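**Student:** Quick mapping for you: the protein sequence lines, in order, are chains A and B.
If you count by this note's numbering, then the first sequence holds residues 1251 to 1462, one letter each, in order.
If you count by this note's numbering, then the second sequence holds residues -11 to 631, one letter each, in order.
Heads up, the beta-carbon is just placed ideally off N, CA and C, and yes, glycines get one too.
As the structure is a computational prediction, the values presented were derived from the model and not from experiment.
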Amino acid sequence: MSPRKKPQKDVINFTIDGQPVQAKPGWTILETARHYHIHIPTLCFHPAVMPWGSCRLCVVETRYGKRGQVIPSCLNPPVAELEVFTQSERVVNVRRWVLEMLLAECPASREIKKLAAEYGVTATRFAIADPEEECLRCGLCVAVCSEVVGVQALTFGSRGVKKVLETPYRVPNNACIGCGCCVSVCPTGALQKRLDTVRGDLSRRTGHGYAH
Amino acid sequence: MGKLKSVAELDSFRAKLLAAPARPVVRVCLGPGCLAQGADKVSRAFKAAIKKQKISADVKPLIKETGCHGFCSQGTLVNLSPFDLFYVQVKPADVPEIVDQTLRDGKVVERLLYGDNGNRYRSAAEVPFYKLQQKIILKNVGLIDPLDIEDALKAGAYRSLVKALTQKTTDKIIETVTIAGLRGRGGGGFPTGYKWRKAVENARDNPGPVYIVANGDEGDPGAFMDRAIMEGDPHAVLEGMAIGARAMGAEQGYLYVRAEYPFAVRTLNIAIEQARSLGLLGKNILGTGFNFDVQINRGAGAFVCGEETALLASIEGRVGEPVTRPPYPVEQGLWNRPTVINNVETWANVPHIIDHGGQWYSGVGVPHSTGTKIFSLVGKVKNSGLVEVPMGITLGAIVEEIGGGVPGKERFKAVQTGGPSGGIIPYELKELPPEELKLDKVGLQGRGFMTMELKNLPVDFDSLAQAGSIMGSGGMIVMDDRDCVVDVARYFLRFLEEESCGKCLPCRLGIKGMQEFLNNFSQGKGAPADIDALESLGRALVDGSLCGLGRTAPNPVLTSIRYFRDEYLAHIVDHHCPAGVCRDLITYRIDADICNGCTLCAKNCPQVCIMGAKKKLHTIDQDACIRCGVCMDVCPVDAVVVA
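#1: Let me know the secondary structure DSSP gives B/Cys669 once reduced to three states.
#2: Return the CA-CA distance between B/Glu389 and B/Val403, expressed in angstroms with no decimal places.
#3: Please state the DSSP three-state secondary structure of B/Ile412.
#4: Taking C-beta to C-beta, are B/Thr334 and B/Gly172 nearer than 8 Å?
#5: Using a beta-carbon distance below 8 Å, is A/Pro1322 in contact with chain B?
#6: For a test of the three-state rule: what should DSSP assign to B/Thr158, helix, strand or coil?
#7: Does any CB atom of chain B fall closer than 8 Å to the CB of A/Cys1395?
#8: Tell me the rounded alpha-carbon separation between B/Ala612 and B/Thr587.
#9: If we ignore side chains and look at the alpha-carbon of each, how far apart do B/Lys397 and B/Lys368 end up?
#10: Flag this pair as touching only if the region 155 to 167 of chain B and the region 281 to 301 of chain B have three or more C-beta atom pairs under 8 Å; answer yes or no.
#11: Skipping 5 residues on each side, what residues in its chain have a beta carbon closer than 7 Å to that of B/Val430?
#12: With 8 Å as the threshold, decide whether the Cβ of B/Asp520 is near any Cβ in chain A.
#13: Residues of chain A with CB under 8 Å from B/Ser524, in chain order?
#14: Establish whether the CB of A/Val1261 and some CB of chain B are separated by less than 8 Å.
#15: Applying a beta-carbon distance threshold of less than 7 Å, which residues of chain A neighbour B/Lys500?
#16: The region 1271 to 1289 of chain A: which residues have C-beta closer than 8 Å to a C-beta of chain B, in chain order?
#17: With a threshold of 8 Å between beta carbons, is A/Phe1376 in contact with chain B?
#18: To the nearest whole angstrom, what separates the beta carbons of B/Leu170 and B/Ile341, a pair I think is in contact under 8 Å?
#19: Kindly indicate the opening and closing residues of the alpha helix (DSSP H) around B/Asp468.
#20: Alpha carbon to alpha carbon, how far is A/Asn1263 from A/Arg1313?
#21: Which of the three DSSP states, helix, strand or coil, is assigned to B/Thr276?
#22: Between B/Leu73, B/Asp133, B/Gln89, B/Glu(-3), which lies nearest to B/Cys632 when the distance is taken from Cα to Cα?
#23: Taking the runs of the alpha helix (DSSP H) that are 4 residues or longer, which of them lie wholly in the region 1281 to 1326 of chain A?
#24: So, with DSSP's three-state summary, where would you put B/Ala240?
#25: Using only alpha-carbon positions, find the residue among B/Gly275, B/Leu300, B/Gly210, B/Val328 that is nearest to B/Glu189.
#26: Return the residue from the list A/Pro1291, A/His1287, A/Cys1432, A/Pro1275 that minimises the CA-CA distance to A/Lys1364.
#27: So B/Gln503 packs on B/Glu485, CB below 8 Å; how close in whole Å?
#28: Note down, one range per segment and in chain order, each alpha helix (DSSP H) of at least 4 residues found wholly within the region 166 to 242 of chain B.
#29: For B/Val245 and A/Val1271, I'd like the C-alpha separation in whole angstroms.
#30: Cα separation between B/Tyr118 and B/Ser357?
#31: What residue does the beta strand (DSSP E) around B/Pro378 start on, and which one ends it?
#32: In the DSSP assignment, what residue or residues form a beta bridge with B/Asp281?
#33: Can you tell me which residues form a DSSP beta bridge with B/Ala402?
#34: Over what stretch of residues does the beta strand (DSSP E) that includes A/Gly1407 continue unbroken?
#35: When you compare the region 98 to 112 of chain B with the region -9 to 3 of chain B, are there three or more beta-carbon pairs, one atom per stretch, that lie closer than 8 Å?
#36: Consider the Cβ of A/Met1351: report whether some Cβ of chain B lies at a distance smaller than 8 Å.
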């Protein structure tokens, strides 16, 4: 996935919401914030895999000298003297809209409803396509299956609004070892329902450890 | 001809080519516009007609199938030298006459000359469309046969490469490009010299290969600048890349061309083969010890692969999805090595800069935006086509003088620059409430405003950004009063929704969500507060999206709300589409005083819902009408009106 910037040697002093903080070399803004118990919401972040930056809920506003921008905190390392704002108007605007759209995209997810309510978003103006949907295509399951488990039994199919989570060639995948990592990292529990569409026939497993 | 083993051999080869006696040349434009008008048939007709004529071989006219001449609305275009004649709208049936009159007797076929306001122009240089243009990059496009490297050599190709190989050090090349002030032509406008220097520094810190990439994944609707270069003068791109490779110490280049450009791929492949066979690409180029080769990668139909990180992923064989920058490609690009990726048009500028020097180039255009830029001028404009103008020329000069203004009786309304990522700039200066004018540097994009009238607005990177739009890759769509901004914004969003890769949520869900708002507006639904909500959602996309596609997607919406809020309000409050475009808000009516009962509308109506006897008034059954507008288009007396 996205390679991080080369680690710096010394600790980095910067501020989050006015509070002075210290990041160890290689830490991202999000990791630093978590270390200091500063809450930044995330859906697609998991410490076990490389950050992917798809949910954009972790965006923060940064100011460095005269330059200011809104960036995802899970992917960006801090620099000295950087000012980070986790609740600025622009940041909250992004989060509120993403959450409102997610309420329409994954109406069945309790986790998203709860998170949206934290930002005062309780209703959605957007059309609901599937009332049973929970998957937000964050890619955590795909990442964990490939990076941690190393079997690549899951993948994304199609593109854009048609993007779906599926197995290669859309058939139950015998590469799946049934470890359940994907289910455990899923932020909405969407994978629990569809695990059987991923997992192949146990009796037909081949390869190391499954020799017949 | 075998491989050229030294610079001297290239020079003598070029001299030999130039020494050949000049023959009359017929240059038939085979650009996309002319091809659609049957340029290939014209070219075949010329060849057949000349074969019939009994002329000795040394004075036999040469038929050259060239790249785009630019004046697409007048295709098929034919240039004849040494007569210096420019014929427009040539059909295969005109060819025997041209051969008999002009090529044999040297007479002018008056009716094929371009005429405008009673004037007839003999040569292309006199035509108003070409007069204000300054051709640097397109100099050889339309002049040379793109499939023949000897023709390109005669026009001076690879002269700058020789200069770069023999007279200039790596630093000197980069310095020249920096002095020239060249900025990326793909839309971002990043200083090219600075990018190159960064790549060289990164490679020095971390020894290993460096890669060169040319981005020819031109996907904006209605844009064909890069296509014209790749199809018309492929060696300019290859030479530019080779010079860049020399500066960066790269040995491998990649040319990423979209699969929808099969002619460009074919032309480039032939050009690469010919350059290799002459030893201008490959190992030990011209005996200088410099190695460089180019490989073509075809896209697979994804617009997002024009974004540099997605493009690199695609070349590596991964899914074409962008990743967050930093790290930038000059730090970690292809296979985690420093990679310089520039647009095809940027590369095509490089040979000219090396040839004439950085000082000369920086003298063209305006400070901070130097050189020329190619635009594809399309839409409601009389002379549509490809234009190359110096930066800093006013929009008014492009649209009204080069483009000849808006045809018909409608009023000039706005210009959309930069394609789906750009903004709509109104013709009239709009009075904006003072709170709108507070310019925040933090989020300049989409927040700019007009401080001067469109016709005086200079076309350069900074002025367009100031006006809330972008230069983009050079699309320029002219709109008149019959174009509805809500509908235009909806069109671009529909395009981007199709093309979003779906990786990040603001882009995948947001573009769809913005469309839902606009669909409602176009049906007259919604409340005025929804316009503010749409604006706020647009800002969320600008701030939240991962790559340039999502970050710029709201621009057409944001700028059209800024300048044409009254039109949005007309849709929502009055349920009325002022331009008469949005189907749910209009009705077609036949004016009783004008209708002469010709029955054309009734014959062409797909719903068969127009009634009326011959020579009697016709009427439209509003319940069955689908508002396709065919009746309006076919009516010879303009009796069909939209209300």
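**Tutor:** In terms of the structure at hand:
#1: An answer regarding residue 669 of chain B cannot be provided, because it is not within the stretch -11 to 631 covered by chain B.
#2: Locating residue 389 of chain B in the second sequence gives position 401, where the first residue counts as 1. Locating residue 403 of chain B in the second sequence gives position 415, where the first residue counts as 1. Taking the straight line joining both Cα atoms gives about 15 Å.
#3: Your numbering for residue 412 of chain B matches position 424 in the second sequence. The answer is strand: DSSP assigns B/Ile412 an E or B state.
#4: On the second sequence, position 346 is the one that residue 334 of chain B refers to. On the second sequence, position 184 is the one that residue 172 of chain B refers to. At the C-beta level, B/Thr334 and B/Gly172 come within 8 Å of one another.
#5: By 1-based counting over the first sequence, the position of residue 1322 of chain A is 72. Interface flag for A/Pro1322 against chain B is set, since a Cβ pair is found closer than 8 Å.
#6: Along the second sequence, one-based indexing puts residue 158 of chain B at 170. In the three-state reduction of the DSSP assignment, B/Thr158 falls in the helix class, which pools H, G and I.
#7: As a first step, residue 1395 of chain A must be located in the first sequence, where it is residue number 145. It does not; no Cβ of chain B falls within 8 Å.
#8: For the purposes of this step, residue 612 of chain B is taken as the residue at position 624 of the second sequence. For the purposes of this step, residue 587 of chain B is taken as the residue at position 599 of the second sequence. Each residue's alpha carbon lies about 18 Å from the other.
#9: What you label residue 397 of chain B is simply residue 409 of the second sequence in a count that begins at 1. What you label residue 368 of chain B is simply residue 380 of the second sequence in a count that begins at 1. Distance between the alpha carbons of B/Lys397 and B/Lys368 is about 11 Å.
#10: No, because fewer than three Cβ pairs between the region 155 to 167 of chain B and the region 281 to 301 of chain B fall closer than 8 Å, the two stretches do not touch.
#11: Against the second sequence, residue 430 of chain B aligns to sequence position 442. Residue confidence for B/Val430 is low, a pLDDT of 36 falling below 50, so the modelled location carries little weight; the figure read from the coordinates is stated next. Counting only Cβ-Cβ distances below 7 Å, and skipping sequence neighbours, we find nothing.
#12: Residue numbering aside, residue 520 of chain B sits at position 532 when the second sequence is read from its first letter. So, not an interface residue.
#13: Against the second sequence, residue 524 of chain B aligns to sequence position 536. The contacting residues are Asn1343, Trp1347.
#14: As a first step, residue 1261 of chain A must be located in the first sequence, where it is residue number 11. The beta-carbon of A/Val1261 is placed no less than 8 Å from the nearest beta-carbon of chain B.
#15: Within the second sequence, numbered from 1, the residue matching residue 500 of chain B stands at position 512. Near B/Lys500 (Cβ distances below 7 Å), the residues of chain A are Val1411.
#16: Residues passing the 8 Å Cβ filter: none.
#17: The residue given as residue 1376 of chain A occupies position 126 in the first sequence. So yes, A/Phe1376 belongs to the interface.
#18: Walking along the second sequence from the start, residue 170 of chain B turns up at place 182. Walking along the second sequence from the start, residue 341 of chain B turns up at place 353. Yes, they are in contact, since the Cβ atoms of B/Leu170 and B/Ile341 sit about 6 Å apart, within 8 Å.
#19: The count along the second sequence starts at 1 and reaches residue 468 of chain B at position 480. Where B/Asp468 is concerned, there is no enclosing alpha helix (DSSP H), although the beta strand (DSSP E) around it starts and stops at 463 to 468.
#20: Here residue 1263 of chain A is taken as the residue at index 13 of the first sequence, counted from 1. Here residue 1313 of chain A is taken as the residue at index 63 of the first sequence, counted from 1. One C-alpha to the other measures close to 14 Å.
#21: Indexing the second sequence from 1 puts residue 276 of chain B at position 288. Coil.
#22: No answer is possible for residue 632 of chain B: it lies beyond the span of chain B, which begins at -11 and ends at 631.
#23: Fully enclosed alpha helix (DSSP H) runs of 4 or longer: not present.
#24: In the second sequence, residue 240 of chain B corresponds to position 252, counting from 1. In the sequence as presented, Ala is not what sits at residue 240 of chain B; that position holds Gln. B/Gln240 carries a strand assignment under DSSP once its states are collapsed to helix, strand and coil.
#25: In the second sequence, counting from the first residue as 1, residue 189 of chain B sits at position 201. The shortest Cα separation from B/Glu189 among B/Gly275, B/Leu300, B/Gly210, B/Val328 belongs to B/Val328.
#26: Start at 1 with the first residue of the first sequence, and residue 1364 of chain A comes out as number 114. Taking A/Lys1364 as reference, the option from A/Pro1291, A/His1287, A/Cys1432, A/Pro1275 with the minimal CA-CA separation is A/Pro1291.
#27: Residue numbering aside, residue 503 of chain B sits at position 515 when the second sequence is read from its first letter. Residue numbering aside, residue 485 of chain B sits at position 497 when the second sequence is read from its first letter. The Cβ separation is near 6 Å, so the contact holds.
#28: The alpha helix (DSSP H) runs of length 4 or more contained entirely in the region 166 to 242 of chain B are, from start to end of the chain, 180 to 193, 213 to 220, 222 to 236.
#29: The residue labelled residue 245 of chain B in the question sits at position 257 within the second sequence. The residue labelled residue 1271 of chain A in the question sits at position 21 within the first sequence. C-alpha separation (whole angstroms): 47 Å.
#30: Within the second sequence, numbered from 1, the residue matching residue 118 of chain B stands at position 130. Within the second sequence, numbered from 1, the residue matching residue 357 of chain B stands at position 369. Near 22 Å, if we compare the C-alpha coordinates of B/Ser357 and B/Tyr118.
#31: Working through the second sequence from its first residue, we reach residue 378 of chain B at position 390. 373 to 378 is the extent of the beta strand (DSSP E) around B/Pro378.
#32: The count along the second sequence starts at 1 and reaches residue 281 of chain B at position 293. DSSP links B/Asp281 through a beta bridge to B/Gln240.
#33: Counting from one through the second sequence, the residue named residue 402 of chain B turns up at place 414. In DSSP, B/Ala402 forms a bridge with B/Pro414, B/Met467.
#34: Numbered from 1 along the first sequence, position 157 holds the residue referred to as residue 1407 of chain A. Here the beta strand (DSSP E) through A/Gly1407 covers 1405 to 1407.
#35: Touching, no.
#36: The count along the first sequence starts at 1 and reaches residue 1351 of chain A at position 101. Closer than 8 Å to the CB of A/Met1351 there is at least one CB belonging to chain B.
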